[in-house]
Amino acid sequence: MRPSYLDNLNPEQLAAVTLPRQSALILAGAGSGKTRVLTTRIAYLVHTGQATPGSILAVTFTNKAAKEMLTRIGAMLPINPRGMWVGTFHGLCNRLLRAHHREAGLPQLFQILDAQDQLAAIKRVMKALGIDEEKFPPKQVQYFINTAKEQGLRAHEVDAPDGEAVTYREIFAAYDQQCAREGVVDFAELLLRAWELLSRNEVLRAHYQSRFKYLLVDEFQDTSEFQYRWLKLLAGRDGAVFAVGDDDQSIYGFRGAHSGNMQRFLADFAVPQVIKLTQNYRSAGIILDAANALISHNRLRLGKDLWTAQGPGEPIRLYAADSDQDEAQFIVEEVRALREEGVPLGQIALLYRANAQSRVLEHALFSAGVPYRVYGGLRFFERAEVKHALAYLRLIANPEDDNALLRVINFPARGVGARTVEQIQEAAREQGISLWQAACHKGGKGKDSSKGVPAFVLLVEALRRETEGMTLPERIEHMLHASGLIGHYKASKTEADRVENLEELIHAAAAFEEEFDGELNEEIPDVLTAFLTHAALEAGEHQAEAGQEAVQLMTVHAAKGLEFDAVFISGLEEGLFPHENSLYEPDGVEEERRLMYVAITRARERLYLSYAGSRMLHGQVRYGVASRFLDEIPSTLVQPLNVAVTALPAPAAAGVRGATEGWHIGQSVVHPKFGHGVIVGCAGRGANAEVEVNFRQVGPKRLLLQYAKLSPA
DNA sequence: CCGATGGGGCTTTTT
DNA sequence: GCCCCATCGG
Numbered sequence: 036m037r038p039s040y041l042d043n044l045n046p047e048q049l050a051a052v053t054l055p056r057q058s059a060l061i062l063a064g065a066g067s068g069k070t071r072v073l074t075t076r077i078a079y080l081v082h083t084g085q086a087t088p089g090s091i092l093a094v095t096f097t098n099k100a101a102k103e104m105l106t107r108i109g110a111m112l113p114i115n116p117r118g119m120w121v122g123t124f125h126g127l128c129n130r131l132l133r134a135h136h137r138e139a140g141l142p143q144l145f146q147i148l149d150a151q152d153q154l155a156a157i158k159r160v161m162k163a164l165g166i167d168e169e170k171f172p173p174k175q176v177q178y179f180i181n182t183a184k185e186q187g188l189r190a191h192e193v194d195a196p197d198g199e200a201v202t203y204r205e206i207f208a209a210y211d212q213q214c215a216r217e218g219v220v221d222f223a224e225l226l227l228r229a230w231e232l233l234s235r236n237e238v239l240r241a242h243y244q245s246r247f248k249y250l251l252v253d254e255f256q257d258t259s260e261f262q263y264r265w266l267k268l269l270a271g272r273d274g275a276v277f278a279v280g281d282d283d284q285s286i287y288g289f290r291g292a293h294s295g296n297m298q299r300f301l302a303d304f305a306v307p308q309v310i311k312l313t314q315n316y317r318s319a320g321i322i323l324d325a326a327n328a329l330i331s332h333n334r335l336r337l338g339k340d341l342w343t344a345q346g347p348g349e350p351i352r353l354y355a356a357d358s359d360q361d362e363a364q365f366i367v368e369e370v371r372a373l374r375e376e377g378v379p380l381g382q383i384a385l386l387y388r389a390n391a392q393s394r395v396l397e398h399a400l401f402s403a404g405v406p407y408r409v410y411g412g413l414r415f416f417e418r419a420e421v422k423h424a425l426a427y428l429r430l431i432a433n434p435e436d437d438n439a440l441l442r443v444i445n446f447p448a449r450g451v452g453a454r455t456v457e458q459i460q461e462a463a464r465e466q467g468i469s470l471w472q473a474a475c476h477k478g479g480k481g482k483d484s485s486k487g488v489p490a491f492v493l494l495v496e497a498l499r500r501e502t503e504g505m506t507l508p509e510r511i512e513h514m515l516h517a518s519g520l521i522g523h524y525k526a527s528k529t530e531a532d533r534v535e536n537l538e539e540l541i542h543a544a545a546a547f548e549e550e551f552d553g554e555l556n557e558e559i560p561d562v563l564t565a566f567l568t569h570a571a572l573e574a575g576e577h578q579a580e581a582g583q584e585a586v587q588l589m590t591v592h593a594a595k596g597l598e599f600d601a602v603f604i605s606g607l608e609e610g611l612f613p614h615e616n617s618l619y620e621p622d623g624v625e626e627e628r629r630l631m632y633v634a635i636t637r638a639r640e641r642l643y644l645s646y647a648g649s650r651m652l653h654g655q656v657r658y659g660v661a662s663r664f665l666d667e668i669p670s671t672l673v674q675p676l677n678v679a680v681t682a683l684p685a686p687a688a689a690g691v692r693g694a695t696e697g698w699h700i701g702q703s704v705v706h707p708k709f710g711h712g713v714i715v716g717c718a719g720r721g722a723n724a725e726v727e728v729n730f731r732q733v734g735p736k737r738l739l740l741q742y743a744k745l746s747p748a
């Protein structure tokens with residue numbers, strides 16, 4: 036009998052789900068039921084006995100996606116999905132390294148550094164090496180290290196063509212040593228270490244290659260080159276990789292995603308066929324037509340058009356605003372009208388290219404009394420107070436964790452000044468011991484132990500001793516009080532709201548422990564470590580949750596994978612969307628166009644597009660011109676809501692000398708002295724009109740149009 | 001030790 | 001324009 040979970044699949048979906056064991060590429064358009072295919076395939080494989088749960092490994096892009104996948108599989112199959120390996124690349128690597136920490140050369144309870152921790156660790160290394168932070172910005176160093184690791188390179192393997200690069204390489208090497216000494220691992224290290232483990236250890240490699248008969252990859256277009264290498268290694272000669280992705284939705288190139296992996300995959304794995312899922316179940320016809328038309332301007336595509344069985348729906352509304360404020364006002368009024376029509380606020384999304392754009396929108400919504408929620412900014416486990424609490428927990432787990440010690444040795448304040456900390460660091464360096472050991476020496480000579488370093492040492496020791504045997508939430512609660520963290524924030528006038536987050540941390544720990552429910556094994560021997568790992572790997576969701584009675588504000592990136600009845604895409608101006616910085620990058624505009632494609636395909640029924648003739652940006656007024664993407668949507672699909680474009684002076688032209696000159700952001704120009712460049716900004720009017728040009732040779736320059744002898748290139 | 005003050009940066013972001 | 005950071009002065 037045919038299982039019910041195969042019902043209602045369309046022919047392409049069914050073909051993908053029931054494919055025999057072979058490598059396959061499923062080109063799944065937006066809203067085409069991609070997750071459904073992936074989860075149904077897993078259920079089908081297990082249900083028909085082709086696969087055991089233990090022979091399945093599925094990689095997702097986010098933890099949230101992994102969780103959802105497990106939930107959906109659980110609903111289809113009466114099995115415990117725990118034997119399955121489902122997670123992000125980082126999560127799976129973590130699992131592998133925990134299970135084989137000895138072979139990987141790691142302590143069993145290694146901690147994971149998030150980006151913040153990593154930066155702090157880098158600053159520490161640089162201080163120890165006496166390297167000037169002005170000359171070598173720590174953020175740059177962080178980028179350098181991560182880029183190298185994400186290419187599979189260790190410090191000694193990185194090219195160093197000049198003195199500067201040599202210094203970067205030195206910091207890299209010292210940083211890795213420091214991490215090893217402290218038993219911590221950064222995100223990139225998780226992947227690299229796991230890859231090295233598998234590539235060097237033949238026995239393990241053979242074991243996992245034969246164990247994971249079925250590899251499934253979600254969001255394949257977002258995998259990096261190194262992740263692809265990792266997959267290939269795990270797949271081995273006989274591996275079957277079921278890859279699902281959409282090259283048109285590849286929007287993470289800036290952090291290493293390489294949609295070219297799709298083409299490479301077809302060749303490397305001799306993929307016999309590509310299945311395209313092109314029926315869209317989300318958007319009305321006109322919206323889909325607009326998306327198809329827009330994305331057809333990209334050259335780097337595998338190529339597919341979406342179609343729908345739905346009717347055309349309503350035209351796309353376009354509003355040309357005078358200013359960002361005017362744009363926000365328009366959006367608020369339209370939101371109110373939608374609400375009148377019965378559209379739930381939670382089904383309305385305001386999307387923008389950059390977070391800074393939310394401010395004007397928030398202000399307008401607030402003034403109008405419309406509830407809204409903004410996504411972005413710090414996530415739960417990244418908040419300062421939560422990080423402080425986690426630092427205490429990390430010290431309980433491992434007092435040698437220098438990063439954690441530095442974070443809280445004087446927080447809440449207990450009379451340990453910068454000088455003292457420096458002395459401890461110096462002593463630790465000289466004797467080659469951890470900060471904790473150095474602090475113990477300093478504090479252990481019968482000194483006054485009511486404050487300062489001795490008090491800190493006693494506190495940490497007491498926390499370890501007293502909380503042993505407690506449940507995780509009990510431990511945290513005790514720690515929050517004994518350390519004085521809760522007291523500190525409760526007493527604070529300005530930061531009292533942080534107490535809530537600390538209480539939330541106790542709840543999070545309780546929920547975590549419950550979910551964990553005695554599942555301790557050789558991979559994760561201890562709940563505290565598991566919780567800390569969870570906190571690092573899954574910093575809390577950035578993405579919206581359904582069902583909230585508030586307008587949803589987020590960047591287009593954050594909206595990926597979501598859908599709404601009504602979507603507003605604002606700030607459709609050259610230089611903003613497409614963003615000016617993308618203009619210098621190879622194929623940058625194509626990625627911006629994919630971003631626009633993602634934005635459009637979020638909408639089910641209503642789509643609003645808008646741009647503003649002027650906008651406050653970086654503290655000054657910038658004049659913009661309508662985005663090229665608006666020209667790429669057939670005008671037959673669009674209903675202009677005002678006539679500003681013709682009735683008012685063209686906004687960009689008004690910003691620069693005379694309406695006839697037509698300089699605009701993104702335009703290529705030549706200057707007699709500076710050579711070739713691209714206009715990246717316009718400011719001022721009339722005689723004061725100036726443009727900012729990024730010249731290929733000399734970099735950015737501001738020029739008064741009145742005097743500069745600019746000509747179009 | 002904390003609050004005030006000034007300087008620099010400023011696209012997108014998960015792990 | 002605003003936010004984050006580092007540094008300084010009380």
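Residue numbers for the first sequence follow the working numbering, so the first one is 36 and each next one is one higher.
C-beta atoms are modelled at their ideal positions from N, C-alpha and C, and glycine is treated no differently.
Buried or exposed (CB count within 10 angstroms, at least 16 for buried), residue i
i	result
Gly280	buried
Met505	exposed
Ala156	buried
Glu503	exposed
Leu430	buried
Leu164	exposed
Pro434	buried
Rounded straight-line distance, which links the Cα of residue j to that of residue i
i	j	result
Tyr410	Gln382	15 Å
Ala325	Tyr407	28 Å
Gly271	Thr53	23 Å
Gly126	Phe612	33 Å
Gln392	Leu588	10 Å
Val492	Gly522	19 Å
Ser746	Ile321	40 Å
Glu496	Phe145	20 Å
Glu138	Glu667	55 Å
Phe179	Tyr203	7 Å
Gly284	Leu335	Before going further, note that residue 284 is Gln rather than Gly in the sequence given. Their Cα atoms are separated by approximately 12 Å.
Val691	Glu615	Only weak support is given to the placement of Val691: the predicted model assigns it a pLDDT of 34, under 50, and the value that follows is read from those uncertain coordinates. Rounded to the nearest angstrom, the two C-alpha atoms are 18 Å apart.
His542	Pro508	7 Å
Tyr427	Val488	15 Å
Gln749	Arg499	For residue 749 there is no data in the structure shown, the boundaries of the chain being 36 and 748.
Ala86	Ala517	51 Å
Leu232	Met111	35 Å
Arg639	Gly348	9 Å
Residues near residue i in its chain [Cβ-Cβ closer than 7 Å; skip 5 each side]
i	result
Ala531	Tyr524 and Lys525
Leu540	Val421, Ala424 and Ile511
Phe551	Val562 and Ala565
Val367	Ala399, Leu400, Ala403 and Val405
Gly519	Pro447
Residue i: CB within 7 Å of a non-hydrogen atom of the ligand MG
i	result
His614	Looking for the ligand MG in the displayed structure turns up nothing, as the structure carries no ligands at all.
6 Å Cβ shell around residue i - same chain, five flanking residues per side excluded
i	result
Leu515	Ile521 and Leu537
Ala647	Ala356, Ser358, Asp359 and Glu362
Thr343	Asn315, Gly320 and Leu323
Leu630	Ile286 and Val591
Own chain partners of residue i with C-beta closer than 8 Å, once the 5 adjacent residues on each side are dropped
i	result
Ala574	Asp149, Arg414, Phe415, Phe416 and Glu417
Leu441	Ala155, Arg159, Val456 and Leu470
**OP:** Please confirm if the segment 92-99 is in contact with the segment 47-66, defined as three or more CB-CB distances below 8 Å between the two stretches.
**Re:** no
**OP:** Count the CB pairs spanning the segment 224-233 and the segment 66-86 that are closer than 8 Å, and state whether there are at least three.
**Re:** No, the segment 224-233 does not touch the segment 66-86.
Original post:
So, do the segment 70-87 and the segment 38-55 have three or more beta carbon pairs nearer to each other than 8 Å?
Top reply: Verdict: yes, contact present.
Original post:
Quick check: the segment 376-391 against the segment 590-601, are there 3 or more CB pairs under 8 Å?
Top reply: The segment 376-391 is in contact with the segment 590-601.
Original post:
Within the chosen definition, does the segment 639-659 reach the segment 396-405 through at least 3 CB pairs nearer than 8 Å?
Top reply: With a cut-off of 8 Å, the segment 396-405 and the segment 639-659 do not count as touching, because too few Cβ pairs lie within range.
**OP:** Write down every uninterrupted run of the beta strand (DSSP E) in the segment 583-621 whose length is 3 residues or greater and which is fully enclosed by it, in chain order.
**Re:** 586-590 and 599-604
Original post:
Looking at C-beta atoms only, is the number of pairs between the segment 285-295 and the segment 249-264 that lie closer than 8 Å three or more?
Top reply: yes
**OP:** For the segment 351-423, list the beta strand (DSSP E) runs that are entirely contained and at least 3 residues long, ordered along the chain.
**Re:** Under the rule that a run must span 3 or more residues, the beta strand (DSSP E) segments found entirely inside the segment 351-423 read 351-358, 383-387 and 407-409.
**OP:** Output the residue ranges of the alpha helix (DSSP H) runs that lie fully inside the segment 160-208 and measure 4 residues or longer, sorted by chain position.
**Re:** For the segment 160-208, whole alpha helix (DSSP H) runs of length 4 or above, ordered along the chain, are 173-185.
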